[in-house]
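Chains as they are written, first to last, in my numbering: chain A, 23 to 145; chain B, 228 to 644.
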């Protein structure tokens, strides 16, 4: 068996488009469950919009942070980690530890939790 | 019992004086910038209705806080699309059920404004967003006023602020004062934002004069607040001193014809009380014996102000201060000013030696202050042809009409003398 990363790309839409996608929620749940049942699912998550991203670079001793998803065009996706952190600061601290941060960049994007879904989980 | 008119006045005063305090605590309690702001607005509106009718409560600030928390609960119950809704509701209801706030809550409140400052100036937010969010949240400026001050369309500024708030919530930027090991770096970021606001107001290159004066006022207010909240930080006082000393001379910096250089300013227009406050802040800062770039700049400004006339300026001490500043935060601005001060203190030849490597740097070829200083030092050394050439170069690089005519005057004196 081998592991494969599925990268999901979607156009960043307006509120109406978002509403429409949220309506597809049952489809997502069904697909995710079927993958889990088949024993294929390792991990999955929905990302918050790109405007919540922070890009971390380490040059010399300086940790440089940029507000947004700003990998330069020569940089390609080379790997991923999912970390459970107590807030963005902890995530950024670890992002700066990856060697990639020294010659490339590490984009930190928050993953949605069930509480972030419309309705805010069980009230 | 206060009359209805007085009650409305009190409500307006409470809104002005306690807005930041109430908002800072509310953001922690409701866990969301926008929700806290909306709830606080609701609470002030209801104060305007109920205080004139029922009288002003004994502790108006606490009244607003409780009312705003209840409005936040109402809003959370209605707005099902809010992230983390259930957990937030539970926490708010718990707070609301306590008749007396717990001691832990009282200790938390003390630091809420610091939490707010460090969150608004978080390095994961774009610098322009840090400035806008700080002015909107901690200052009293409206989005429209901030937009005018930074020459940005109001909707664009509104979007910038809204996006920053959304990032804080969704990326989980924690509402906290940084840990000790991160504090120095993060505090530098906060001071940079405050100084940026001040400079935007002080460099009267463009924009509405009135709004720009307000920016200086807001920056000084933030400086005072930071001094109150972090009394042991030397650089916080250093920055406050620097801003006070510059701002005290604002009225003298321009006349009907435009910009007036320090040496030519009418000193009777200086705000003496503010200068004294600045000098006191600097004296307190220096006692901590932890020098920093703002204290050094404030000390340089203080020496310029304290000279009875420009010829009596203590250039040797100013040169030493620029040397120290260059070690802490090297930049062409500091290097050029250092060379000038050394030239005035120890002879123009020594100053010219320091300028030589800067003149050879292609990146500084169009840097006006370098050529203006070069011309001044050459003129003092008696090398008229070289000085004339340097003045010409400085003149072509000067955009400000008043500064340009001043350089022309010096060039004319040189060639006629």
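Glycine included, C-beta positions come from ideal geometry on N, C-alpha and C. The structure presented is a predicted model; accordingly, all values stated were derived computationally and were not measured.
Cα separation between residue i and residue j?
| i | j | result |
| --- | --- | --- |
| residue 38(A) | residue 71(A) | 15 Å |
| residue 386(B) | residue 364(B) | 15 Å |
| residue 58(A) | residue 392(B) | 36 Å |
| residue 54(A) | residue 251(B) | 41 Å |
| residue 548(B) | residue 418(B) | 20 Å |
| residue 462(B) | residue 514(B) | 11 Å |
| residue 502(B) | residue 585(B) | 34 Å |
| residue 143(A) | residue 136(A) | Because residue 143(A) carries a pLDDT of 43, less than 50, the predicted location of this residue cannot be relied on, and no value is offered for it. |
| residue 93(A) | residue 259(B) | 29 Å |
| residue 510(B) | residue 520(B) | 15 Å |
| residue 416(B) | residue 425(B) | 14 Å |
| residue 294(B) | residue 281(B) | 15 Å |
| residue 356(B) | residue 388(B) | 6 Å |
| residue 138(A) | residue 399(B) | 11 Å |
| residue 232(B) | residue 290(B) | 19 Å |
| residue 579(B) | residue 570(B) | 7 Å |
| residue 76(A) | residue 40(A) | 22 Å |
| residue 568(B) | residue 409(B) | 36 Å |
Is it buried or exposed, residue i, if we count other Cβ atoms within 10 angstroms and call 16 or more buried?
| i | result |
| --- | --- |
| residue 575(B) | buried |
| residue 61(A) | exposed |
| residue 428(B) | buried |
| residue 345(B) | buried |
| residue 339(B) | buried |
| residue 402(B) | buried |
| residue 593(B) | exposed |
| residue 542(B) | buried |
| residue 371(B) | exposed |
Only counting the same chain, and skipping five residues up and downstream in sequence, which positions put a Cβ closer than 7 Å to that of residue i?
| i | result |
| --- | --- |
| residue 25(A) | 64 |
| residue 275(B) | 235 and 238 |
| residue 47(A) | none |
| residue 634(B) | 599, 618, 621, 622 and 625 |
| residue 562(B) | 553 and 585 |
| residue 572(B) | 542, 543 and 546 |
Can you list, in chain order, the residues of its chain whose CB lies under 8 Å from that of residue i, leaving out five sequence neighbours each side?
| i | result |
| --- | --- |
| residue 637(B) | 602, 603, 606 and 618 |
| residue 595(B) | 621, 624 and 625 |
| residue 631(B) | 622 and 625 |
| residue 490(B) | 537 |
Between the Cα of residue i and the Cα atoms of the options, which residue gives the shortest distance?
| i | options | result |
| --- | --- | --- |
| residue 105(A) | 28(A), 125(A), 130(A) and 46(A) | 130(A) |
| residue 287(B) | 305(B), 243(B), 254(B) and 528(B) | 243(B) |
| residue 78(A) | 36(A), 31(A), 119(A) and 46(A) | 119(A) |
| residue 494(B) | 475(B), 506(B) and 334(B) | 475(B) |
| residue 450(B) | 398(B), 404(B) and 504(B) | 504(B) |
| residue 83(A) | 125(A), 56(A), 50(A) and 103(A) | 125(A) |
For a test of your reading of the model: does the CB of residue i fall under 6 Å from any non-hydrogen atom of the ligand SAH? Yes or no.
| i | result |
| --- | --- |
| residue 343(B) | Among the components of this structure there are no ligands whatsoever, and the ligand SAH is therefore not found. |
Beta-carbon within less than 6 Å of residue i's beta-carbon, same chain only, minus the 5 sequence neighbours each way: which residues are those?
| i | result |
| --- | --- |
| residue 320(B) | none |
| residue 246(B) | none |
| residue 522(B) | 465 and 512 |
| residue 448(B) | none |
| residue 526(B) | 548 |
| residue 366(B) | 445 |
| residue 80(A) | 118, 123 and 124 |
Establish whether the CB of residue i and some CB of chain C are separated by less than 7 Å.
| i | result |
| --- | --- |
| residue 101(A) | Here chain C cannot be found, since the structure's protein chains are A and B. |
(message) Quick check for students: name the residue ranges of the alpha helix (DSSP H) that lie wholly in the stretch 312–374 of chain B, counting only runs of 4 or more.
(response) 312–324, 330–347 and 354–364
(request) Tell me the start and end of each unbroken beta strand (DSSP E) in the stretch 238–270 of chain B that is at least 3 residues and wholly inside, in chain order. (result) none
(request) Can you check the stretch 492–567 of chain B for any alpha helix (DSSP H) of at least 4 residues that lies completely inside it and give the ranges in chain order? (result) 499–514, 520–533 and 542–555
(message) Which runs of the beta strand (DSSP E) at least 3 residues long sit entirely within the stretch 28–97 of chain A? Give them in chain order.
(response) 76–81 and 84–89
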